[in-house]
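Read the structure below first, then the notes.
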Amino acid sequence: MLINAWNWLTYSGIDTYYDALLGMNEIMREFFYVDKLDKARKLLQRSRKLIDKILESFSHVIDTDDSVEPKLSRAITEYKAYECYLNALMKFNEWFKQSQRSVPSIPENSTDDAGTLMDIQQRITLEVIHQRANEQMQRYENASKQTTIVSFLIEFDVLLQMTILERATISN
1 MLINAWNWLT
11 YSGIDTYYDA
21 LLGMNEIMRE
31 FFYVDKLDKA
41 RKLLQRSRKL
51 IDKILESFSH
61 VIDTDDSVEP
71 KLSRAITEYK
81 AYECYLNALM
91 KFNEWFKQSQ
101 RSVPSIPENS
111 TDDAGTLMDI
121 QQRITLEVIH
131 QRANEQMQRY
141 ENASKQTTIV
151 SFLIEFDVLL
161 QMTILERATI
171 SN
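When we follow full-length UniProt numbering, the leftmost residue of the sequence shown carries the number 1, and every step to the right adds one.
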């Protein structure tokens, strides 16, 4: 219901874009307050093109005028902080799912006694299984290295956005 009401603010054109940006931030705040992050993410995805159009319409004001209205500057910063936070949260969830995967196990090589009892086809099958298990283990190790890097980047991004938001709040 809120999202549909927000869409009406964008139909009038440039005159209501500022109100639409403030309305978007208000709706996002409400979703965050009641812990409806999935709805906030859907709203962000659904309205991304429209918000980009709104921000683009304000870019000429920001680029040409050094004395941008503080409310507009705060509204843009707040929107970008929500966007960054939701993107970081989505990346964290992807990382967490990958990190919870079980470690693949590598079957043990057969002993010489058992190896003499196997025919050639069984030996080849065992070697293929062993090779696939080694490949899975290598992919798992590579993924765990990547998840460590991703978690560092997400942490850095969130801290950076918090710093930007704090500085914007302090300066205004």
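Think of the CB as a built atom: it goes at the ideal place given N, C-alpha and C, for glycine as much as any other residue.
Every value quoted in this text rests on a predicted model; they were computed, and no experiment measured them.
- Cβ-Cβ distances below 7 Å link Leu22 to Ala75 in the same chain, with the five nearest sequence neighbours on each side left out; the list follows chain order.
- In this structure, Ser57 is the residue among Lys36, Ile129, Ser57 and Lys42 with its C-alpha nearest to the C-alpha of Tyr18.
- Separation of Lys36 and Lys91 (C-alpha to C-alpha, rounded to the nearest whole angstrom) is 17 Å.
- Per the C-alpha coordinates, the member of Tyr85, Ile51, Gln131 and Ala168 positioned closest to Leu153 is Tyr85.
- In this structure Ala81 is in contact with Gln161, their Cβ atoms being roughly 5 Å apart against a cut-off of 8 Å.
- The Cβ atoms of Thr77 and Ala20 do not sit closer than 7 Å to each other.
- With a cutoff of 7 Å on beta-carbon distance, Thr147 and Ser99 are scored as near each other.
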